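The sequence shown begins at 1 in the UniProt record's numbering and counts up one residue at a time.
Virtual Cβ for every residue (Gly too), placed ideally from N, Cα, C.
Note that the structure is a prediction, hence the values are computed from the model and not measured.
One structure is given below, encoded as structure tokens.
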Amino acid sequence: VTAQYVQIYQDVVTCLTSGDPVALREEVVGAPVLLQGARATLVMSLQGALELLATGEEHKHYAETAMNHKSSRAHTVLVLKVSQQRGGLTTTSHIHLVDLAGSERVKKSFAQGGRFVEAVGINSSLMVLGKCIAARVEGAQHIPYYESRLTLLLRSALGGNSRTSVVVCCHKEDVHGEETLQAIRFGERCAVISNRVQAAMATSTSSAISAIDAALSECAKQIQGLDARGKGHLPACSKLRARHEIMTRRRTELAATPVDQKRVHEMLR
């Protein structure tokens, strides 16, 4: 088991154990996003996991507001990668534990200056998350995952090959009734989403090529969708084109050279 612990502060991703900047890299559409630059820590025991969390806690962004003496100013994500070997086959699973910063009403929190900018950033990313969930519920062809780092990182949980659970936290006081109602409605929309879960496994070169072809097709659809809306100049579209080129090269390599099962697995990662 290895762990990576990151935070998203003002739409910038950093590693909570090293403090280094982290780039999000999505090589295969629907697969977990790679955290390039985040330190991967080998976790051998519960104590080791607790020490990792304690280290990350020291680097988290907190601030006092009128509503919370220790308000989280960033979203945090703990990614656990579990690798198992059975009969010569390696199975890899990812678990994302996400702590979302709460949506904030500036009129109630009295956030000013830097706190105000943080609140705007938090609310903006949560708004994009809400848009993505609404688009999934409505069956829209385009899901705006690329509008924020948070939704890009959570893409596989929202619409990929995964099981997802959402815990909604609310205030019981009447004064927070409107916010509580909005939170419950958010949870209801999440509950409508249905993901299909199945093991993704390539047992031969042909099945690996088929998997890459499916990913290439999905990537091309997204590029065409952005181009059709006049968004082809955006960085998100450039990243999609770069990923399409990478997958095309990998497909060419697979088709030209016989590879064993381990090599197939590596090229699909």
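Rounded C-beta distance between V79 and H96? I'm assuming under 8 Å. About 6 Å separates the Cβ atoms of V79 and H96, confirming a contact at the 8 Å cut-off.
So Q7 and T17 are in contact, right, with Cβ under 8 Å, and what is the actual spacing, rounded? Actually they do not touch by this definition, with Cβ atoms about 11 Å apart.
Please classify S162: does DSSP put it in a helix, a strand, or coil? DSSP places S162 in coil when its eight states are reduced to three.
Using only alpha-carbon positions, find the residue among C169, R155, C170 that is nearest to R163. Ranking C169, R155, C170 by Cα distance to R163 puts R155 first.
For Q182, which of E218, M127, I212 has the nearest alpha-carbon? Comparing Cα-Cα distances from Q182 to each of E218, M127, I212, the minimum goes to M127.
Would a C-beta distance cut-off of 8 Å place S125 and D11 closer than the cut-off? Between S125 and D11, the C-beta gap is smaller than 8 Å, which places the two residues in contact.
In this structure, does DSSP put H142 in helix, strand or coil? The answer is coil: DSSP assigns H142 none of H, G, I, E or B.
Provide the residue(s) that pair with A23 in DSSP beta bridges, ordered along the chain. Q36.
Residue of S217, A255, A140, H233 minimising C-alpha distance to residue 300: Nothing about residue 300 can be reported from this structure: the residues present for the chain run from 1 to 269 only.
Use the C-beta contact count for Q112: other C-beta atoms within 10 angstroms, 16 or more gives buried, fewer gives exposed. Confidence in Q112 is poor, its pLDDT being 47 and thus under 50, which makes the residue's placement unreliable; the coordinate value appears in the next sentence. Classification of Q112: exposed, given that the 10 Å Cβ count is below 16.
Closest to I193 by CA distance: which of M44, L153, E138, S45 is it? Taking each of M44, L153, E138, S45 in turn and checking the Cα distance to I193, the smallest one comes out for E138.
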